[in-house]
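Data block below; observations after.
Chains as they are written, first to last, in the working numbering: chain H, -1 to 391; chain U, 919 to 1010.
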């Protein structure tokens, strides 16, 4: 039986939400688990009374289920207050754990901004960061990576498993092999892979974010494999194996774990359903919108994400025009960012950054949603070009 | 690869081959992308083949989008210079 889109009860048929790479709509299983855990999981799991024991049971069960889905040991997994916090902790903890080896961090130019900001803090504190470039499709330069991780005083290396902006899947296993040869632990940001596609092997530290798979916002995952030299960069706190401080939002953690189990069970079927829709978007946008650049690797890519840039079109105007027609998408164009800088990922790839649109699908996305988007986009772009007086340039 | 160290910024892109003086300067300072690219796309075809335009543009996106436009349109990107300025030669 072909896999169907999940029928959402809380989304009306007219708006089309195409920004799952930022946050997927809350999965029905997450909603159920969240409501149940609000009643049952409000107490502090570390206390010694019955309400606390119930909370402890919920937390332990959430950890076991999530660890099983990821194929790791429960004691290797910590829940964090967000995906960003998990990424910061992964980078800074990897550097701290091997500070006697050296103070060099190797990372790609297309990491998530959370990783780049952690790297920036490391550099501001006297450390060094070595950036490894990607090609026009957003693929890591493996030779440069291997040379970089084999350099002197490399403490840690960070690689995004698949680009959150353009969907290109990175050669994680080859990059991990180069790290293993050099004795350098590899941190992999798997935020766009967990719950969607199998995560490649070879890493020592991994992070993910629940809202990317349909869990609630405010839950991150941090996995530190046994034997990895890693030390929490935060002030001492006994929770979560001492890796990340603060009381967890337990109902959200429970909802994250329940929804991850549900989406992982359905992931292969959803990937097989969504990937041809992404192929369709790639082909039709290129064919039907003049002067457009569809970016990212067309083959080694995530099943749910596609990015393109429209020449001479203002990205912010395009997002607003799409929003008026009911389409929710995101953009890497400078005019849409708080910093007014273009996406560092598009910049690193050397592709057009203005007029940029990222479309990312989720288990509730239908073929009809995609068809409506493809039917309306050419006219929207043409109207904006007409208004700007750039037709025929 | 680029190395960032505590006491230094990312090294600047080396200046492109700039033996030829620009035939025209387009002042797009203060303009947001895609306006500098649009100005270049309007003006370059009006100049003779081989002519060089210097585009002054301080929107950081211009550093990405002017070379990308040259690639998409088959025009020759000569390089970035302090200004910030971008030199483009009409190739056809």
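Here a beta-carbon is modelled for each residue, glycine too, at the ideal position from N, C-alpha and C.
Values in this document were obtained by computation on a predicted structure and should not be read as measured data.
Query	Result
To the nearest angstrom, report how far apart residue 284 of chain H and residue 993 of chain U are at their CA atoms.	21 Å
Flag this pair as yes or no: are the beta carbons of residue 450 of chain H and residue 34 of chain H separated by less than 9 Å?	Chain H is shown from -1 up to 391; residue 450 of chain H falls before or after that span and cannot be answered.
Residue 103 of chain H lies in the beta strand (DSSP E); which residues open and close that run?	102 to 106
In terms of residue numbering, what span does the alpha helix (DSSP H) encompassing residue 972 of chain U cover?	Premise fails: residue 972 of chain U lies in the beta strand (DSSP E), 970 to 974, not in any alpha helix (DSSP H).
Return the residues of the stretch 316 to 343 of chain H that lie within a Cβ-Cβ distance of less than 8 Å from chain U, sorted by chain order.	331, 332, 333, 338, 339, 340
Is there a Cβ of chain H sitting closer than 9 Å to that of residue 976 of chain U, yes or no?	no
So is residue 45 of chain H buried or exposed if we call it buried at 16+ other beta carbons inside 10 Å?	exposed
Residue 956 of chain U touches chain H at which residues, Cβ-Cβ below 8 Å?	310, 386, 388, 391
If you count every other CB in all the chains shown that lies within 10 Å of the CB of residue 381 of chain H, and 16 or more means buried, which is it?	exposed
If you pair each beta-carbon of the stretch 63 to 74 of chain H with each one of the stretch 287 to 299 of chain H, do three or more pairs fall below 8 Å?	no
DSSP three-state label for residue 78 of chain H, please.	strand
Which residue or residues does DSSP assign as beta-bridge partners of residue 158 of chain H?	H/187
From residue 321 of chain H to residue 179 of chain H, what does the alpha carbon distance come to, in whole angstroms?	49 Å
For residue 207 of chain H, I'd like the list of residues in its chain whose CB is within less than 6 Å of its CB, leaving aside the five on either flank, ordered along the chain.	81, 189, 218
Let me know the secondary structure DSSP gives residue 1004 of chain U once reduced to three states.	strand
Determine the chain U residues that contact residue 291 of chain H at a beta-carbon separation under 8 Å, and present them in chain order.	986, 990
Locate the alpha helix (DSSP H) running through residue 265 of chain H, then write down its first and last residues.	248 to 286
Taking residue 214 of chain H as the reference, which of H/32, H/14, H/101 has the closest Cα?	H/32
Between H/230, H/193, H/241, H/216, which has its C-alpha nearest residue 260 of chain H's C-alpha?	H/193
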